[in-house]
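**Student:**
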Ligand SMILES: Nc1ncnc2c1ncn2[C@@H]1O[C@H](COP(=O)(O)OP(=O)(O)O)[C@@H](O)[C@H]1O
Ligand SMILES: [Mg+2]
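Residue numbers (our numbering), protein chains in the order written: chain A, 1 to 255; chain B, 256 to 473.
(1) Does the beta carbon of residue 4(A) sit closer than 8 angstroms to a beta carbon anywhere in chain B?
(2) Counting only beta-carbon separations shorter than 8 angstroms, does residue 391(B) have a partner in chain A?
(3) By the 10 Å Cβ neighbour count, where 16 or more other Cβ atoms means buried, how is residue 453(B) classified, buried or exposed?
(4) Quick one: which residues of the stretch 367–380 of chain B get their C-beta closer than 8 angstroms to a C-beta of chain A? List them in chain order.
(5) Does the beta-carbon distance from residue 423(B) to residue 343(B) come in below 8 angstroms?
(6) Does the Cβ of residue 27(A) lie closer than 7 angstroms to at least one heavy atom of ligand 1?
(7) Here's a check: name, in chain order, each residue in its chain whose Cβ is nearer than 7 angstroms to the Cβ of residue 330(B), leaving out the five neighbours to either side.
(8) From which residue to which residue does the beta strand (DSSP E) around residue 169(A) run?
(9) So which residues touch the region around ligand 1, with touch meaning a C-beta under 5 angstroms from any heavy atom?
(10) Tell me the residue span of the alpha helix (DSSP H) that contains residue 317(B).
(11) If you scan the stretch 336–394 of chain B from start to end, which runs of the alpha helix (DSSP H) of 4 or more residues do you find wholly inside it?
(12) Report all residues from its chain with a CB closer than 7 angstroms to the CB of residue 149(A); omit the five preceding and five following residues, and keep chain order.
(13) Under 8 angstroms, do residue 217(A) and residue 235(A) count as touching if we go by C-beta distance?
(14) Since residue 171(A) and residue 372(B) should fall inside the 8 angstroms C-beta cutoff, what is the C-beta to C-beta distance between them, to a whole number of angstroms?
(15) Counting only Cβ-Cβ distances shorter than 8 angstroms, please list the residues of the stretch 99–118 of chain A near chain B, keeping chain order.
(16) Taking any Cβ of chain B, which residues in the stretch 131–154 of chain A have a Cβ under 9 angstroms from it, in chain order?
(17) For my contact list, residue 33(A) and residue 199(A) are in at a C-beta cut-off of 8 angstroms; report their separation, rounded to the angstrom.
(18) If you follow the beta strand (DSSP E) that residue 11(A) is part of, which residue opens it and which one closes it?
(19) Would the C-beta of residue 203(A) count as close to ligand 2, meaning under 7 angstroms from any of its heavy atoms?
(20) Out of 259(B), 257(B), 269(B), 258(B), which has the shortest C-alpha to C-alpha gap to residue 254(B)?
(21) CA-CA distance, residue 231(A) and residue 294(B)?
(22) With contact counted as at least three CB pairs below 8 angstroms, one residue from each stretch, are the stretch 145–164 of chain A and the stretch 87–103 of chain A in contact?
(23) I'd like the list of long-range same chain contacts for residue 443(B), defined as Cβ closer than 6 angstroms, with 5 residues on each side in sequence excluded.
(24) How about residue 141(A) and residue 128(A): do their beta carbons lie closer than 8 angstroms?
(25) Going by alpha carbons, who is nearest to residue 7(A) out of 49(A), 104(A), 20(A), 78(A)?
(26) Taking residue 347(B) as the reference, give the member of 436(B), 470(B), 284(B) with the closest Cα.
(27) Just to check, is the beta-carbon of residue 221(A) closer than 7 angstroms to a non-hydrogen atom of ligand 2?
(28) With a threshold of 8 angstroms between beta-carbons, can residue 398(B) be considered close to chain A, or not?
(29) Which same chain residues, not among the five before or five after residue 138(A), have their C-beta less than 7 angstroms away from its C-beta?
(30) Give a single yes or no on whether residue 56(A) has its beta carbon closer than 7 angstroms to a heavy atom of ligand 2.
(31) For residue 244(A), which residues from the same chain have a beta carbon less than 8 angstroms from its beta carbon, with the 5 sequence-adjacent residues on both sides left out?
(32) Under 8 angstroms, do residue 71(A) and residue 80(A) count as touching if we go by C-beta distance?
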């Protein structure tokens, strides 16, 4: 038997009422791979990403991570324990940061590890310093989120996710809410993670970033994967008409 | 007979004890109403169905009937079923629960208004629903309603005078005792009012400090 893929989505289908948002999507991601998901707004990118840690449960289909089914059908109590374990292994970064405003930067980073991994205060402080140093935010360790710029907030959010030592990182338009001059500092952090071979699935509107960082690009439209492949192919030589249209419109929009 | 404030100094001790009891009742009842309010809000929103309905009924009872009646019921009424509470305890429970229900209404609204991205971020890190509520959602909800909760606490201070009716010698009853001996109603009620006002100022100062701290963490 061959080794199963690191991340595998099998026949993912999701409907909101009569609206079918994901239509039988299957894909795999290998360990250490960096995959970009692009596509027009409303095409189901966030829904797919959020299905991976069961934040938006699928209507049908399976999600597997490292040989374990994330969305396994279990009795309620067992499922809660199972999904909390799985989520500890998957970091997620949101468009609007979702930092905890009532906690300092340090507390944002250490809350989950302290609570879930029962580490000591001293270990937690060391962890916060290490992770914040990694994203260049050590100097602001005792600030509150409200005292930070958007780019700084997002870097702290990345440190918060990394503090749980996840196997997989999910990014949902991590730079879309940022002023243009703040995008680069967040991209730099993501590039650094890529160099460290973190497995990442990145929903993004930034084609240049996707082209320079990702191993593979997935183009989604209306709930289906229209095209996927290495960035060179998808960006320079798309085989599908819909991909070409999207890229052309996007280029015009960016000008 | 004109006003004669010289009747007051002999009763400084009585009034001081009254002030202390008023502060004690207010502080303990305020703490009960604060933490009780949080607990009631969490039960009302996320508790098991089985307890939600009885809780709603009790809340309605506390909001829909006079506080004075509730104090009588707790102090004089419960004795009949074998629960004999000291007046201070009965007063604190009555005042505390009464305002816990009001605080709970405020906190419930605020919990619902916390951005759902907060719950999502916490769940994504692996926190259970309960952990996310306690660590992330409720603290923010409480922070958002500190000013109106503060107003409730000021109202609680004023309503603590009702506890005189079940025999706790707090400030109002102390003044009444002094009046019973001197017949100087105006003088003692005026002094009591002044003392309430001073306690009120102290409380507002504390509340302002709490609000300032809360504003930083927005
Ligand atoms: N909670 C929801 N209820 C109803 N419809 C939703 C919900 N979340 C997303 N949708 C719909 O699902 C579709 C895909 O949304 P989404 O995954 O956010 O797209 P994208 O991230 O690609 O912009 C959209 O049409 C959106 O309106
Ligand atoms: Mg989206």
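All C-beta atoms in this analysis are idealised placements derived from N, C-alpha and C, irrespective of residue type, glycine included.
**Tutor:** Looking at the atomic coordinates:
(1) no
(2) yes
(3) exposed
(4) 370, 372, 373, 375, 376, 377, 378, 379, 380
(5) yes
(6) no
(7) 340, 342, 345, 421
(8) 168–172
(9) 16(A), 21(A), 41(A), 42(A), 43(A), 44(A), 45(A), 46(A), 47(A)
(10) 304–319
(11) 342–368, 371–379, 384–387
(12) 182
(13) yes
(14) So it is not a contact: roughly 15 angstroms between Cβ atoms.
(15) 99, 100, 101, 102, 103, 111, 112, 115, 116
(16) 144, 145, 146, 147
(17) 6 angstroms
(18) 7–16
(19) yes
(20) The shown model of chain B, from 256 to 473, leaves out residue 254(B), and the question about it has no answer.
(21) 53 angstroms
(22) yes
(23) 430, 433, 434
(24) yes
(25) 49(A)
(26) 284(B)
(27) no
(28) yes
(29) 129, 132
(30) no
(31) 238
(32) no
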